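Peer 1: Can you keep this structure in mind? I'll have questions shortly.
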Amino acid sequence: MTSNPSYGKTSSGIEIAQAYADSIKGKTALITGVSTGGIGDAITRAFAHAGAATIIITGRDDAKMSAVRKALSADYPGTKFRSLKLNLNSLAASKKAAQEILEDASIKQVDITVANAGFGTGRDEREVTEDGIESHFGANHLAHFVFITTLLPKIKAAAKKNPPGATRIITLSSNANAASPIRFSDWNYEKHSTDVPDDEQPSWILHPLMDLPADPVPFSFLVAYGQSKTANVLMAVHLNKLLSKEGIAAFSLHPGVVGSTGQKALITPAQSAKLEAMLGAPKTIDQGAATAVVAALDPGLKGGEKVYLDDCQFTDQVPAWATDAQAAERLWKLSENIVKERLG
């Protein structure tokens, strides 16, 4: 269990980071997808507020990253901010970005890695990355898979110096993982959902909540997004299997329905109003960062036990297909094969 059961939906990321400041003070963190008004920005601010020495922030646009870095540096002069261009639309670019950190002699280790960047079209039209991979699966899972596995030497360097379990890899998922398991027979989402095996069939239960068709359609962005969010959890599951003996822990989480720029871009105003009527007002971005801060900093968390958090606490309200160890290993091998095929 977590160290503080009182933390919940309305808790603040900055409040939690202050409580667990010893876990980040003087450390180096890396957060993907940091933009103004987003959860990544709030996580970054929480870490800096608690005394992080260096924070590497990634983004796609140089000018926007420069503006974010300037604002962060002004607010937190005691923390060094380093920007890194990360294009999740390309596996080669994702690998190159991680290699840039490996080659930077000023960065000895990466103590906390938060895979926050996410992609969602909100359109029932199949799109592909530069590698010909369905965009949600490519950007939300495979690009982060390449980035993190390439970065492992610097993560392992941190683990050699930190207490067991203090070095962490965090993957931001979503309760949209309930929309789909991994379509192992059709991971690139080229078939109609009625043409995949029964154990790979998506769940259409979330679609009416989003004012989307409740019947199978040739392509559903929510199914595609859901598959990628399932992959985020399974990646954390298998990272624990591979790395727990080296003192590295991995966790995944649902940040909640947040009034962030990213989530606003994913759904229509009508869908947002319907969700708010059912779930209440959305979280602020600082509240949306809180569960990630718990996952990254709470010293009481043990890798390899429970893996998924929601509202700052571990939860069992996650589909079995998202935490199954065999599925996690199968996805890891599939990901390795796809990357090898695309990058050689």
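For the sequence shown, our numbering begins at 1274 and goes up steadily by one. Where a beta carbon is used, it is the ideal one built from N, C-alpha and C, also for glycine. Quick caveat, the model's predicted, so the values are computed rather than measured.
#1: Under the rule that 16 or more other beta-carbon atoms within 10 Å means buried, what is Ser1533, buried or exposed?
#2: Check whether the region 1397-1404 and the region 1507-1519 touch, using three or more Cβ-Cβ pairs below 8 Å as the test.
#3: Grouping DSSP H, G and I as helix and E and B as strand, with all else coil, what is Tyr1498?
#4: Thinking just about the alpha-carbon of each residue, which of Ser1517, Leu1512 and Tyr1462 is nearest to the one in Ser1493?
#5: Can you confirm whether the region 1343-1351 touches the region 1580-1599 when touching is taken to mean that 3 or more C-beta pairs between the two stretches lie within less than 8 Å?
#6: To the nearest angstrom, how far is it from the Cα of Leu1604 to the Cα of Leu1361?
#7: Tell me whether Leu1616 is buried or exposed, calling it buried when 16 or more other Cβ atoms sit within 10 Å of its Cβ.
#8: Taking 7 Å as the limit between beta carbons, can you name the residues of its chain near Ser1285, skipping five residues before and five after?
#9: What is the residue span of the beta strand (DSSP E) that Gly1332 lies within?
#10: How big is the Cα-Cα spacing for Gly1576 and Gly1311?
#11: Can you find the residues in the same chain that come closer than 6 Å, C-beta to C-beta, to Gln1536, ignoring five residues on each side of it along the sequence?
#12: Run through the DSSP bridge pairs and tell me what Tyr1581 is partnered with.
#13: Does DSSP put Gln1560 in a helix, a strand or coil?
#14: So, under 8 Å CB-CB, Lys1298 and Ala1323 are touching, yes? Tell me the CB distance rounded to an integer number of Å.
#15: In angstroms with no decimal places, state the Cα-to-Cα distance between Ala1290 and Leu1515.
Peer 2: From the atom records:
#1: In this prediction, Ser1533 scores a pLDDT of 49, lower than 50, which makes its location untrustworthy; the coordinate-derived value is nonetheless stated afterwards. It counts as buried.
#2: With the cut-off at 8 Å, the region 1397-1404 and the region 1507-1519 do not touch.
#3: Looking at Tyr1498 - three-state DSSP - the assignment turns out to be helix.
#4: Of the candidates Ser1517, Leu1512 and Tyr1462, the one whose C-alpha sits nearest the C-alpha of Ser1493 is Tyr1462.
#5: Cβ pair count under 8 Å is below three, so no.
#6: Across the structure, Leu1604 and Leu1361 are spaced so that their CA atoms are roughly 19 Å apart.
#7: Result: exposed.
#8: Cβ contact annotation for Ser1285 (same chain, cutoff 7 Å, sequence separation greater than five): Asp1559, Gln1560 and Ala1563, in chain order.
#9: That run of the beta strand (DSSP E) goes Thr1327 to Gly1332.
#10: Counting only the Cα atoms, Gly1311 lies some 27 Å from Gly1576.
#11: Interpretation of Gln1536 is limited by its pLDDT of 49, a score under 50 that renders its predicted location unreliable; the figure taken from the coordinates is listed afterwards. None.
#12: Assignment of beta-bridge partners to Tyr1581 by DSSP yields Ser1525.
#13: Gln1560 falls in the helix class under three-state DSSP.
#14: So it is a contact: roughly 6 Å between Cβ atoms.
#15: So the alpha carbons of these two residues sit roughly 27 Å apart.
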